[in-house]
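Yeah, the sequence shown ends on 244 if you go by UniProt numbering, and it's all consecutive. Here a beta-carbon is modelled for each residue, glycine too, at the ideal position from N, C-alpha and C. Here is the structure we will look at, set down as structure tokens.
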Amino acid sequence: MVETQKSAPWEGWSELGIFDTLFTVRATRIYKRELVPEPVLARILRAATFAGSSGNTQPWEFVVVTDDGLKQKMHDLIAPVWATEVDAKRSQPADQLVDGAGRSITGRDAVANVPNVGAIVLVFWNPDRGIRFHGEYEENPDGTLKELRPHDGGRGASLFPACQNMILAARALGVQSLFTTFFNRVEPQLKELLGVPPRMFLECGVFLGYGDENLKAPRRKPLETVVHHNDWDRAWAGTPDVTI
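Structure (structure tokens):
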């Protein structure tokens with residue numbers, strides 16, 4: 001078994017194979033204040049652009065934030081919103097919502113670490129490249145779009161695979177990551193801060209950096225508890241669990 005989430009510098013780092021990567025990647029919420037080298041970051045971003053998308057439209061726009069001042073401003077935008085709209089409304093105190101290793105399972109640590117992350121990639125959907133159907137959006141006088149459909153799942157179908165490519169490429173290169181949607185709560189303010197055209201739709205974000213927590217290999221439920229073979233009542237009975 002490959003050691004999980006070991007930070008490594010770019011120089012001399014031996015890339016992981018695909019299954020080593022898949023079976024050891026973890027969501028990291030606590031980070032060292034350390035930048036990701038530009039060649040590493042460029043390779044991760046390039047991997048994102050090789051994801052599939054609806055009709056091969058490639059409707060993504062990536063805003064990469066590495067500036068300390070901007071990251072601090074992003075933190076200052078999301079922290080109070082998270083405290084009042086999320087943590088304050090939980091039925092349990094945030095410090096009780098932990099996993100078996102005592103790690104918080106909420107986004108509180110991630111919010112606190114926004115200033116520390118090496119790079120934050122905000123992933124936007126460009127409506128001028130993405131596939132749209134009649135009745136889904138209405139054009140506003142200022143050129144922005146008003147969403148009319150009841151859910152926004154179509155955009156994610158083209159953007160989430162790119163995020164997963166980033167996460168896996170990062171792991172293969174010794175970089176930790178986190179997929180998040182909490183920045184969506186302050187989308188208008190972020191667009192103004194970063195000069196993003198109002199017409200773009202913020203879908204999610206990906207943290208990229210070097211973790212400051214000791215994470216073990218992830219645990220997953222056995223296949224026979226989550227896989228149904230040809231019939232819902234027939235559990236998987238083929239080859240037993242195989243990792244690496």
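- Here Ser177 is not near Thr57, since their CB atoms are 8 Å or more apart.
- Note: Lys146 is bridge-paired with Glu138 in the DSSP secondary-structure output.
- Of all C-beta pairs linking the segment 215 to 232 to the segment 59 to 67, fewer than three are shorter than 8 Å, placing the two stretches out of contact.
- Per DSSP, Ala119 is one residue of the beta strand (DSSP E) stretching across 119 to 125.
- In this structure Gly205 is buried. Its beta-carbon is surrounded by 16 or more other beta-carbon atoms within 10 angstroms.
- Under DSSP, Thr180 forms a beta bridge with Gly205.
- Distance from the CA of Phe183 to the CA of Glu224, rounded to the nearest whole angstrom, comes to 36 Å.
- Phe124 and Val196 have their C-alpha atoms spaced approximately 9 Å apart.
- Considered as a whole, the segment 20 to 70 harbours 38 to 48 as its complete alpha helix (DSSP H) runs of no fewer than 4 residues, in chain order.
- Ala51 and Asn165 do touch by the CB rule: their CB atoms are close to 5 Å apart, below 8 Å.
- Excluding its 5 nearest sequence neighbours in each direction, Trp236 has C-beta neighbours in its own chain below 6 Å: Leu223, Glu224, Val227, His229, listed in chain order.
- Thr49 and Leu208 have their C-alpha atoms some 16 Å from each other.
- Rounded to the nearest angstrom, the gap between the Cα atoms of Asp68 and Val121 is 14 Å.
- Taking all protein chains shown into account, Gly17 has fewer than 16 neighbouring C-beta atoms within 10 Å of its C-beta and is therefore exposed.
- In summary, Phe19 is exposed, with fewer than 16 beta-carbon neighbours lying within 10 Å of its beta-carbon over all protein chains present.
- Nearest to Ala119 by C-alpha distance, out of Arg103, Arg155, Pro39, Met200, is Pro39.
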